[in-house]
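Participant:
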Amino acid sequence: MSTTKKVAVVTGGNRGLGFEASRQLAKQGYQVILTSRDEEKGKSAALKLKNEGLDVIFQPLDVTSDESSQKLAEFINNEFGKLDVLVNNAGIYIDSPTGDNSIFDAKIDTLKQTLETNVYGVLRVTQALIPLMKKQNYGRIVNVSSRMGQLHDMGGGSPGYRISKTALNALTRIFASELQGTDILVNSMYPGWVQTDMGGKNAPRTPEQGVDTIVWLATLDDGGATGGFFRDRQPIEW
Ligand SMILES: NC(=O)c1ccc[n+]([C@@H]2O[C@H](COP(=O)([O-])OP(=O)(O)OC[C@H]3O[C@@H](n4cnc5c(N)ncnc54)[C@H](OP(=O)(O)O)[C@@H]3O)[C@@H](O)[C@H]2O)c1
22 MSTTKKVAVV TGGNRGLGFE ASRQLAKQGY QVILTSRDEE KGKSAALKLK
72 NEGLDVIFQP LDVTSDESSQ KLAEFINNEF GKLDVLVNNA GIYIDSPTGD
122 NSIFDAKIDT LKQTLETNVY GVLRVTQALI PLMKKQNYGR IVNVSSRMGQ
172 LHDMGGGSPG YRISKTALNA LTRIFASELQ GTDILVNSMY PGWVQTDMGG
222 KNAPRTPEQG VDTIVWLATL DDGGATGGFF RDRQPIEW
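With my numbering as the guide, the letters of the sequence shown map in order to residues 22 to 259.
#1: Comparing alpha-carbon positions, which option in Arg58, Leu104, Leu144, Asn139 lies nearest serine 167?
#2: List the endpoints of the continuous beta strand (DSSP E) containing glycine 160.
#3: Per DSSP, what kind of secondary structure is phenylalanine 101 in: helix, strand or coil?
#4: I think methionine 210 touches threonine 234, with their Cβ atoms under 8 angstroms apart; what is that distance to the nearest whole Å?
#5: Is the beta carbon of threonine 267 sitting closer than 8 angstroms to the one on glutamine 216?
#6: Is glycine 176 near ligand 1, in the sense that its beta carbon is under 7 angstroms from a heavy atom of that ligand?
#7: Straight-line CA distance for valine 236 to glutamate 41?
#8: Give me the residue from Leu70, Gly33, Val53, Ile195 with the minimum Cα distance to phenylalanine 101.
#9: Going by DSSP, what residue range makes up the beta strand (DSSP E) through threonine 56?
#10: With 16 as the cutoff for other CB atoms within 10 Å, does threonine 25 come out buried or exposed?
#11: Which first and last residues belong to the beta strand (DSSP E) in which serine 65 is found?
#12: Alpha carbons only, please: which of Gln201, Phe96, Gly231, Asp126 is nearest the one belonging to glycine 244?
#13: Can you say whether lysine 128 is buried or exposed, counting buried as having 16 or more other CB atoms within 10 angstroms of its CB?
#14: Since methionine 210 sits in a beta bridge, which residues does DSSP pair it with?
#15: Name the DSSP beta bridge partners of arginine 226, please?
#16: For a test of the three-state rule: what should DSSP assign to asparagine 139, helix, strand or coil?
#17: Is it the case that the stretch 148-159 contacts the stretch 172-181, given that we only count it when at least three CB pairs across the two stretches are under 8 angstroms?
#18: I'd like to confirm something about serine 57: is its beta-carbon nearer than 7 angstroms to some heavy atom of ligand 1, or not?
#19: How is asparagine 110 classed by DSSP in three states: helix, strand or coil?
#20: Quick check on this structure: which residue in Gly34, Thr131, Ile97, Glu229 has the alpha carbon closest to the alpha carbon of aspartate 116?
#21: Can you give me the Cβ contacts of aspartate 76 inside the same chain, cut-off strictly under 6 angstroms, excluding the 5 residues immediately before and after it?
#22: Pop quiz: aspartate 105 and alanine 191 are said to be a contact at Cβ under 8 angstroms. What is the actual Cβ separation, rounded to whole angstroms?
#23: For the alpha helix (DSSP H) that contains phenylalanine 196, what are its first and last residues?
#24: Confirm the yes/no value for this check: CB of arginine 44, any heavy atom of ligand 3, distance under 7 angstroms.
Here it is as structure tokens:
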């Protein structure tokens, strides 16, 4: 299944922003590996995009699993021998379905679970896949973060989600710092409030609008930004 195209992995690609990012990257000519922890959902999402004439294949990936991350790395190495783009999109927001989400009531288990996906998941998948970028000295890593992780005007509520996105932004800075001097660029972005299962129906943005900055960062020219945080293609405060 070798390809002359650039190869992109999107985590949590079965719905929401991950699905739309897969679509838009494929439209830009990328060979997209749409990943999902649920095989059936992932296969049907990839098939939908394939039926739109796009080069999208499915591979399983649960970002909380070392084994799953390693298996994906092996698959990509065997099939394509390289990776050009990684969109760390998979995320959960489980602070409190009942709306009572003050830090005074925060459950450590909720925080642990959130960090396992939103932070350690990104670390795990990036560690597994980055060798496929290093071997060609090219890569674009986009970490899908949130305004709620910004320290400069940190508010109350949703402590697990907020802390996870602040920590995710730290991962972006650390990876970017250790990759200085390479052509592997690592950035965080905030998609705005988007109509997805997580964002809800009242969100003002469509998924297509939400992924614009993801695609922009995934396709940055050599020497482009790294270690930054962006919204609508503009730098924003940490
Ligand atoms: N929507 C917004 O307004 C908004 C705003 C700011 C930031 N974000 C961020 O944007 C990203 C995408 O959010 P969304 O709005 O598209 O949310 P969504 O519709 O809830 O989709 C979340 C995706 O993450 C996947 N996922 C969760 N845990 C996973 C795991 N362990 N392994 C692999 N995949 C996993 C889900 O898979 P399942 O279907 O299997 O659950 C789903 O595909 C998230 O990081 C979120 O924090 C969203």
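Just so you know, even glycine gets a beta-carbon here, dropped at the ideal spot from N, CA and C.
Facilitator: A quick look at the data gives this:
#1: Numbered from 1 along the sequence shown, position 146 holds the residue referred to as residue 167. Comparing Cα positions, the closest option is Asn139.
#2: By one-based count along the sequence shown, residue 160 stands at place 139. Run containing glycine 160: 160-165, per the beta strand (DSSP E) assignment.
#3: Here the question's residue 101 lines up with position 80 in the sequence shown. Here DSSP, grouped into helix, strand and coil, assigns phenylalanine 101 to coil.
#4: Locating residue 210 in the sequence shown gives position 189, where the first residue counts as 1. Locating residue 234 in the sequence shown gives position 213, where the first residue counts as 1. Yes, they are in contact, since the Cβ atoms of methionine 210 and threonine 234 sit about 5 angstroms apart, within 8 angstroms.
#5: Residue 267 is absent from the model: the chain starts at 22 and stops at 259.
#6: Along the sequence shown, read from residue 1 onward, the residue named residue 176 stands at position 155. No - ligand 1 has no heavy atom lying nearer than 7 angstroms to the Cβ of glycine 176.
#7: Along the sequence shown, one-based indexing puts residue 236 at 215. Along the sequence shown, one-based indexing puts residue 41 at 20. The C-alpha of glutamate 41 is placed about 10 angstroms away from the C-alpha of valine 236.
#8: Residue 101 sits at position 80 when you count from the first residue of the sequence shown. It is Val53.
#9: By one-based count along the sequence shown, residue 56 stands at place 35. In this chain, the beta strand (DSSP E) harbouring threonine 56 covers 52-57.
#10: In the sequence shown, counting from the first residue as 1, residue 25 sits at position 4. With fewer than 16 other Cβ atoms within 10 Å, it is exposed.
#11: Reading the sequence shown from its first residue, position 44 is the one you call residue 65. First-last for serine 65: 60-71, but that is the alpha helix (DSSP H), not the beta strand (DSSP E).
#12: In the sequence shown, counting from the first residue as 1, residue 244 sits at position 223. Ranked by Cα distance from glycine 244, the options Gln201, Phe96, Gly231, Asp126 are led by Gln201.
#13: Against the sequence shown, residue 128 aligns to sequence position 107. An exposed status is given to lysine 128, since fewer than 16 other beta-carbon atoms sit within 10 Å of its beta-carbon.
#14: On the sequence shown, residue 210 is found 189 positions in, with the first residue counted as 1. Bridge partners of methionine 210: Val165, Phe251.
#15: The residue you call residue 226 lines up with position 205 of the sequence shown. Note: arginine 226 sits in a beta bridge opposite Val215.
#16: Numbered from its first residue, the sequence shown carries residue 139 at position 118. Helix at asparagine 139.
#17: No, the stretch 172-181 is not in contact with the stretch 148-159.
#18: Walking along the sequence shown from the start, residue 57 turns up at place 36. In terms of side-chain proximity, the C-beta atom of serine 57 is found nearer than 7 angstroms to a non-hydrogen atom of ligand 1.
#19: For this step, residue 110 is matched to residue 89 along the sequence shown. Three-state DSSP puts asparagine 110 in coil, outside helix and strand.
#20: Here residue 116 corresponds to residue number 95 of the sequence shown, with the count starting at 1. Residue Thr131 is the option with its Cα nearest to aspartate 116.
#21: Along the sequence shown, one-based indexing puts residue 76 at 55. Cβ within range, chain order: Ala47, Gln52.
#22: For this step, residue 105 is matched to residue 84 along the sequence shown. For this step, residue 191 is matched to residue 170 along the sequence shown. About 25 angstroms separates the two Cβ atoms, so there is no contact after all.
#23: Locating residue 196 in the sequence shown gives position 175, counting from the first residue. Taken as a continuous stretch (DSSP letters only), the alpha helix (DSSP H) holding phenylalanine 196 covers 180-199.
#24: Absence of ligand 3 is noted for the structure shown, with ligand 1 being the only ligands found.
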